[in-house]
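Using the numbering used here, the letters of the sequence shown map in sequence onto residues 1 to 176. Glycine residues also receive a C-beta, built at the ideal position from the N, C-alpha and C atoms.
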Amino acid sequence: MLKEKHQKEIDDIISRYPVRRSALLPLLYLAQREDGYVTEAAMKEIAQILKLTPPQVYETITFYTMLNLKPVGKFHIQVCKSLMCALVGSDQLIGWFHSKLGIKPGETTPDKLFTLSVVECLGACGTGPMMQINEDYYERLTEQKVDQILSDLKNTGACPLKSGPFMWPEPSGAKK
Ligand code: FES
């Protein structure tokens with residue numbers, strides 16, 4: 001139960017908002033941090049905490065791609081498929097992931113390391129094709145970069161090619 005483990009954090013989150021239901025997204029994020037996805041039990045508990053109905057909670061989760069309704073791999077790859085990224089090759093990139101990992105969007109590798117998703121614009125339209133893996137952005141992607149990212153994540157759990165959240169103007173030392 002979330003309340004048993006995180007009562008103080010839940011109270012802190014709710015106290016930030018004048019309207020109780022406004023705490024929905026942060027609480028869902030907390031639930032996802034706990035289990036890697038939002039479980040049915042967490043959905044019901046959050047609905048009860050915020051005095052919402054479970055369908056109100058469910059419809060919010062299904063609207064936002066950063067919230068998962070089922071378990072994802074250790075590294076959740078989210079490739080942007082919106083127009084600007086599509087124009088510079090996001091489809092080919094998704095095909096590249098398929099050839100490298102043997103998975104299509106919505107699937108997880110058998111070793112539970114990688115889940116592939118396609119998502120709408122992540123706000124880094126000028127540096128596509130791009131993707132987010134867990135909390136990190138990777139931009140101006142090429143097949144070679146993807147190979148390095150997959151290999152680094154598999155071997156060390158981290159990759160120096162990450163650019164972090166989108167920043168504009170770009171830091172002067174940003175890699176091209
Ligand atoms: S279109 Fe891909 S980040 Fe905006």
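Looking at T60, I77, G89, the one whose alpha-carbon comes closest to that of L25 is T60.
Per the coordinates, the alpha-carbon of I77 lies some 32 Å from the alpha-carbon of K8. Per DSSP, the beta bridge partners of M131 are V79, Y138. Comparing alpha carbon positions, the residue from C159, V79, I149, E107 closest to A124 is V79. A distance below 6 Å between beta-carbons, with the five flanking residues on each side excluded, links P129 to the following residues of its chain, in chain order: C85, V88, G89, S90, L93, L141. Boundaries of the beta strand (DSSP E) harbouring V118: 114-119, taken from the DSSP string. Exclusion of S151 from the 7 Å shell around the ligand FES follows from its C-beta lying no nearer than that to any non-hydrogen atom of the ligand. Around W96, the same chain offers E143, V146 as residues with beta carbons nearer than 7 Å, after the five sequence neighbours per side are excluded. Secondary structure at T156: helix, using DSSP grouped into helix, strand and coil.
Looking at the backbone, the Cα of K3 and that of I14 are separated by about 13 Å. By the neighbour-count criterion, in which 16 or more other beta carbons inside 10 Å mark a residue as buried, E139 falls on the buried side. Under the three-state reduction of DSSP output, T60 falls in the helix class. Look at L122: its beta carbon is less than 7 Å from one of the heavy atoms in the ligand FES. For the ligand FES, a non-hydrogen atom lies closer than 7 Å to the CB of G128.
A Cβ-Cβ contact shorter than 8 Å links K81 with V118.
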